[in-house]
Structure formats: structure tokens, C-alpha cells
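Here is the structure we will look at.
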Amino acid sequence: MKFRKTIKKILALGTGATMMGATLMGAMAADLANYPAPFVSGGKFSGVMVVGDNANAADVIGVTDIATSLQFAVSGAKGGSAVSVAGDVWKVGTSTKILELSENHGTVSANESIATITTQSFIDDSELPETLANGVVSNSKGDAPYEQRMYFEDTTTGFVTYVEDSDDVTADFLYFTNGRQLARYELEFTTQLESDVDDSAGSASTTGTYLTDIEDSEIEMLGQKFTIVQARRNAAAGNGVQLILMGGATRDTLLEGVTKTYTIDGKDYEVTLDFVDSNSAKFTVNGESTRDLVDGDTDKMSDGTTLGVTEILYQDYAGGVHSADFFLGAQKLEIKDTNIGDTASTQEVKVDDETIDGANAWVEGTDDNSTFKVDKIVVNMSADDDYYVPAGGKLSANPELNEPELLFTKGWDIQYAGLTQEATEEINIKASGSDKYELEFTDGSGNKVAVPIAYTSGTTNLK
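Quick note: the sequence shown uses this note's numbering, first residue -2, plus one each step.
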């Protein structure tokens, strides 16, 4: 038996030795009065058991006995994690289903995933009444009410398993598989969101690229409020769309030359609108100047805070208004689809002008070159690495998740609270006489059972 890994603690078992004797190595430096420590720490097994290549059967049975003892110690130490989750939350499960380590299906043992609980379907405002609340977008064409859903469809990912993670830590994790779906977000308009097709001057045009009626509309997705600052058809031929949305901690309007102070997360930001012309604006934030920003542009300050422009007003006459609407602490989303007539994604979501790997988006609707109508906005999120979420941890904080923006809008998350404390029964392997070993356990009816598993025949044969 060979081990190709660094061994921190080795328990070597000689013939007939069980945690004592000259052949016990590595454990003697610790006080065994605290057993199962040091082999079990924080509810996790932190050692390696070694049986030699030429070990006798008694050695194998001995290490099995110790493994059983340690397994019982680990399960007894784990218990349920006292993780407090506040706000709009849904505990994965239903009145008839709970999330378990595995689900036994006769001869097949399968991991039980989030998608198993949702039966490969969705949750909505019944489970998350705030995050997935119904809403409405209002514009000059009328009201467009919508519903939100989060689909969990892939049963091969999003399950709890006892495994070694990428940092060589062995424990129970909520595990998401590289390349597999995390979730699929869907916003569906029950009455289509409409806009006339216009040219840059705002006049109706069958070859126009401006969806003027959709621009400057307010929409709330996954609990986050956004303004649609730009809505464009991708080309004069139509049937494609580009939406730029912006949200943030603070939204305001400043007149040219005016300074105002805003507070975000306890920090003050002094913002001045330095310059405005017909299509751009320039700001100073805490003494740091932005570049010239057009409608829909963002600029990131040296401390990481983003300022984004949502609208510019420039009245080119004496006494005319020169102002700009902006977000401070902005989040900019770009959703693009080259063909709204299908359900295939050709583009990934951009956040603050950065493409987010694994966040594939598409828009469903119709375009007759006169009126553009939106039925759905969909974002499918897939893992771009293996994610191991530890007990008490969140998916968004996983070190392998290089782009937390993969969790669309960052308005939702998945937290793993750990294993619950369940009733257990001890299983033992014990000697029966001088030539037999029995497996002792309690069956499903509560009866004590002893099953012979090994016995000797003569002095050298084990059966």
C-alpha cells in the first residue's frame, strides 16, 4: 500500500497492536488521554492509517476497528453548525424532501443535490419573497409586469460530500463541479416590455438602433435596483439587443460646478461635477479626477469605488441646465444577444466592462423593425472551477471563485451551514472466542445483531 502525499501523523500498526506497543509510531509524542485527539481535531480526521504491504489479516482487522472508533468520534464531534442566516433566505428542502449526504435508490447510491430537491426545476417568490419578488417596468408604452425564477437543473453538482479539497483539507463540503450549472436566473415579462425602434434623433426608423422607450427604465433583479441606461439593437437588421444597466449604493444628480458629499459604508466621498458638454461629463471624487464619461460609462477610482453616468443634460443656451445623473459605488451590467428569436447564448455577461466567465446571457423576444418586444432575460451561471464550500462558508467567498460577479448581480448567495446532529448507532467488530470475528450492530427494527465476518481455519488460514 503506497501513499503519495505528505503524512502529518502516522499510526503504524504491528501484529496484534491496537494503539499500544513498540510499533506505535508518531502518536507517542501526544497524550493519548485526550483520544481521539490528536487524530480527530475540530470534528475532522487529521491523520493517515498505514498497513504494511505484507500485513497479516489481524492487522487489517485491527485498523478497521480503530477506523470504526475514529469514525464514531468524528460523527459525534461534528454536530450541527450554529450558523446564523438572516434576511431573505430559503433552507434547501421541502415539506417532503431534505438535503442529505446521499439518497439511496435501491442498488444505486447517488449524491443528493440542490437540483434533486427542486426536481430540476425552479424556486421563486414562494421561497425567496424579496429576492425573487414580482415587479413591473413602466415606460411610455405602458406597464410590463414580470416574474423572477431561479432554476437548479443539474443533479451532478451542488451536493454535500466528504472529500479532500484543493487545499488538502478533508471534511464535508458543499461541492460544485467545474463546468456544471450553478443556477439559471430567469426574468419573464408576463406583458412584453416594448419600445419603438428609433434613430439617434428619436424618430421612428425601421433601420434605427435605439430602443428609446426602454432606456432610463427602472428594474429590480435579485433584490438589486438598476436603471437601463442604454438599450440598443445590435445592428440595423435588428433581432439583436444590447442592454446596459447600472445600479449602486448612491444615485444623484449634480449641476456643473456643484460639490456634494456622500457616505458609503462609513466613508465620505466629496464629488464635484467639473465639466459637462452635449455628450460627456467629468467628475472629481475626493480629489481624484475621472476621465470624460458618456452616458453608460463607468470609471473606477484608486480605492476601487466606481462612478457611473446614467444621463447627461446639456442645454446649449444662456442659463441652460448643465447636469449629470450618476451612481457612486456603481455596478454596471451588460447583457447582449445577437438573436432574440432563439434561446441560445452567444455572449457572456459583462460587469464593469469585464467579461464574466461562465455567466452566459440571452434575451428572448420579437422585433419587426417597428416595435421591439422583450419576453425574457436569462442568465445561466456555470462553475469555472471546482468549488468546495466549507461548513459555515458561502459560495461567494470560495477562493476558487475568481469572479464573485458570476453570481449574477451579487444579490444572491449559497451558504452551507454544515451537518446536523443525527441519532447514531455504534458498529463494532469484536472477537468471538479465539478463532472468529463478528460485526455487531443494531438493525432497522432496533434489534442487536451479530454477524460472523471472519474466522480462522488452522493456524494460518483466515476465511
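Don't be surprised by glycine CBs; every beta carbon is placed ideally from N, CA and C.
| query | If you run the structure through DSSP and keep just helix, strand and coil, what is GLU345? | reply | The residue given as residue 345 occupies position 348 in the sequence shown. It is a strand residue.
| request: Can you have a look at VAL448 and say buried or exposed, based on whether 16 or more other CB atoms are within 10 angstroms of its CB? | output: Taking the sequence shown and counting its residues from 1, one reaches residue 448 at position 451. So VAL448 ends up on the exposed side.
| query | In whole angstroms, what is the alpha-carbon distance linking MET298 and GLY244? | reply | In the sequence shown, residue 298 corresponds to position 301, counting from 1. In the sequence shown, residue 244 corresponds to position 247, counting from 1. So the two alpha carbons sit approximately 17 Å from each other.
| request: Could you check if LEU252 is buried or exposed, using at least 16 other CB atoms within 10 Å of its CB as the buried criterion? | output: Within the sequence shown, numbered from 1, the residue matching residue 252 stands at position 255. So LEU252 counts as exposed.
| said: Rounding to the nearest angstrom, what Cα-Cα distance links GLY284 and GLU267 in this structure? | reply: As a working note, residue 284 is residue 287 in the sequence shown. As a working note, residue 267 is residue 270 in the sequence shown. Roughly 8 Å between the two C-alpha positions.
| Counted within 10 angstroms of its Cβ, other Cβ atoms place GLY293 as buried (16 or more) or exposed | As a working note, residue 293 is residue 296 in the sequence shown. Under this definition GLY293 is a buried residue.
| field | Per-residue DSSP class, three states only, for PHE149 | value | Indexing the sequence shown from 1 puts residue 149 at position 152. Of the three classes helix, strand and coil, the one that applies to PHE149 here is coil, per DSSP.
| query | If we count Cβ pairs, one from each stretch, closer than 8 Å, do we get three or more for the segment 402 to 421 versus the segment 378 to 391? | reply | yes
| request: Counting only runs of 3+ residues fully inside the segment 349 to 408, write out the beta strand (DSSP E) ranges in chain order. | output: 351 to 364, 368 to 379, 384 to 387
| said: Are the CB atoms of MET218 and GLY461 within a distance shorter than 9 Å? | reply: Because the chain is modelled from -2 through 460, residue 461 falls outside the range shown and cannot be assessed.
| Excluding the five sequence neighbours on either side, which residues of its own chain have a C-beta within less than 6 Å of the C-beta of GLY155, listed in chain order? | In the sequence shown, residue 155 corresponds to position 158, counting from 1. Correct list, in chain order: SER110, ILE111, PHE173.
| field | Cβ neighbours of GLY199 in the same chain (closer than 8 Å, five flanking residues each side left out) | value | Taking the first residue of the sequence shown as 1, we reach residue 199 at position 202. Cβ neighbours of GLY199 beyond the five flanking positions: TYR207, THR209.
| task | Please list, in chain order, all residues of the same chain as ALA180 whose beta carbon is under 7 Å from its beta carbon, the five residues on each side excluded. | result | Taking the sequence shown and counting its residues from 1, the one referred to as residue 180 is at position 183. For ALA180, where only same-chain residues beyond five positions count, the Cβ hits under 7 Å are MET147, TYR148, PHE149, MET378.
| query | The beta strand (DSSP E) spanning ILE498 covers which residue range? | reply | Examination of residue 498 is not possible in this model, given that the chain is present from -2 through 460 alone.
| Does the beta-carbon distance from PRO461 to ASP85 come in below 9 Å? | Since the first and last residues shown for the chain are -2 and 460, residue 461 lies out of range.
| request: Indicate the three-state DSSP secondary structure (helix, strand or coil) for ALA466 in the structure shown. | output: This structure leaves residue 466 out entirely; the chain is present only between -2 and 460.
| Buried or exposed: SER118, going by 16 or more other Cβ atoms within 10 Å of its Cβ? | Numbered from 1 along the sequence shown, position 121 holds the residue referred to as residue 118. Looking at its Cβ environment, which holds fewer than 16 other Cβ atoms inside 10 Å, SER118 is exposed.
| Where does the unbroken beta strand (DSSP E) through ILE450 begin, and where does it stop? | For the purposes of this step, residue 450 is identified with residue 453 of the sequence shown, where counting begins at 1. Segment 445 to 454, the beta strand (DSSP E) holding ILE450.
| request: Compute the Euclidean distance between the alpha carbons of LEU463 and GLY355, then round it to the nearest angstrom. | output: Because the chain in this structure spans residues -2 to 460, residue 463 falls outside the shown range and cannot be described.
| Exposed or buried, what is ARG230 when buried is set at 16 or more other beta-carbons lying within 10 Å of its beta-carbon? | By 1-based counting over the sequence shown, the position of residue 230 is 233. Burial call: buried.
| Does the count of Cβ pairs from the segment 331 to 345 and the segment 274 to 282 closer than 8 Å reach three? | no
| My guess is that GLY305 and ALA327 are in contact by the Cβ rule of under 8 Å, so how many angstroms apart are they, rounded? | In the sequence shown, the residue the question calls residue 305 occupies position 308. In the sequence shown, the residue the question calls residue 327 occupies position 330. The pair is a contact, with the Cβ atoms about 4 Å apart (cut-off 8 Å).
| said: Can you give me the C-alpha to C-alpha distance between ASN444 and THR421, rounded to a whole angstrom? | reply: Against the sequence shown, residue 444 aligns to sequence position 447. Against the sequence shown, residue 421 aligns to sequence position 424. C-alpha separation (whole angstroms): 14 Å.
| task | Would you tell me roughly how many angstroms separate the C-alpha atoms of LEU171 and ASP313, rounded to the nearest one? | result | For the purposes of this step, residue 171 is taken as the residue at position 174 of the sequence shown. For the purposes of this step, residue 313 is taken as the residue at position 316 of the sequence shown. Answer to the nearest angstrom: the Cα atoms are 59 Å apart.
| query | Roughly how many whole angstroms lie between the Cα atoms of THR295 and ILE225? | reply | Within the sequence shown, residue 295 is the residue found at index 298, counting from 1. Within the sequence shown, residue 225 is the residue found at index 228, counting from 1. Whole-angstrom Cα-Cα distance: 14 Å.
| request: Return the CA-CA distance between VAL446 and THR158, expressed in angstroms with no decimal places. | output: On the sequence shown, position 449 is the one that residue 446 refers to. On the sequence shown, position 161 is the one that residue 158 refers to. So the two alpha carbons sit approximately 29 Å from each other.
| request: To the nearest angstrom, report how far apart THR453 and ILE426 are at their CA atoms. | output: Along the sequence shown, read from residue 1 onward, the residue named residue 453 stands at position 456. Along the sequence shown, read from residue 1 onward, the residue named residue 426 stands at position 429. Looking at the two C-alpha atoms, the distance is approximately 15 Å.
| field | Distance, ASP381 Cα to GLU212 Cα | value | On the sequence shown, position 215 is the one that residue 212 refers to. On the sequence shown, position 384 is the one that residue 381 refers to. So the two alpha carbons sit approximately 33 Å from each other.
| Runs of beta strand (DSSP E) lying entirely within the segment 293 to 351, each at least 3 residues, in chain order | 295 to 297, 303 to 311, 319 to 334, 344 to 348
| field | C-beta contact flag for PHE189 and ALA228 at 9 Å | value | The residue you call residue 189 lines up with position 192 of the sequence shown. The residue you call residue 228 lines up with position 231 of the sequence shown. A small correction: the amino acid at residue 189 is Gln; Phe does not occupy that position in the sequence shown. Cβ atoms of GLN189 and ALA228: not closer than 9 Å.
| query | In chain order, what residues of the same chain have a beta carbon less than 6 Å from the beta carbon of ASN136, not counting five sequence neighbours either side? | reply | As a position in the sequence shown, residue 136 is number 139, starting the count at 1. Taken in chain order, the residues that qualify are ASP210, SER214.
| query | Any idea what DSSP makes of GLN117, helix, strand or coil? | reply | Mapped onto the sequence shown, residue 117 falls at position 120. Coil, per DSSP.
| query | Residues in its own chain within less than 8 Å of THR203 by CB, not counting five upstream and five downstream? | reply | Position 206 of the sequence shown, counting from 1, holds the residue named residue 203. Taken in chain order, the residues that qualify are VAL194, ASN366, SER367.
| Exposure of LEU98, with buried meaning 16 or more beta-carbon neighbours within 10 Å | Sequence index remark: in the sequence shown, residue 98 carries index 101 (1-based). The residue is exposed, with fewer than 16 neighbouring Cβ atoms inside 10 Å.
| message | Please classify LEU184 as buried or exposed, where buried requires at least 16 other C-beta atoms within 10 Å of its C-beta. | response | Numbered from its first residue, the sequence shown carries residue 184 at position 187. Under this definition LEU184 is a buried residue.
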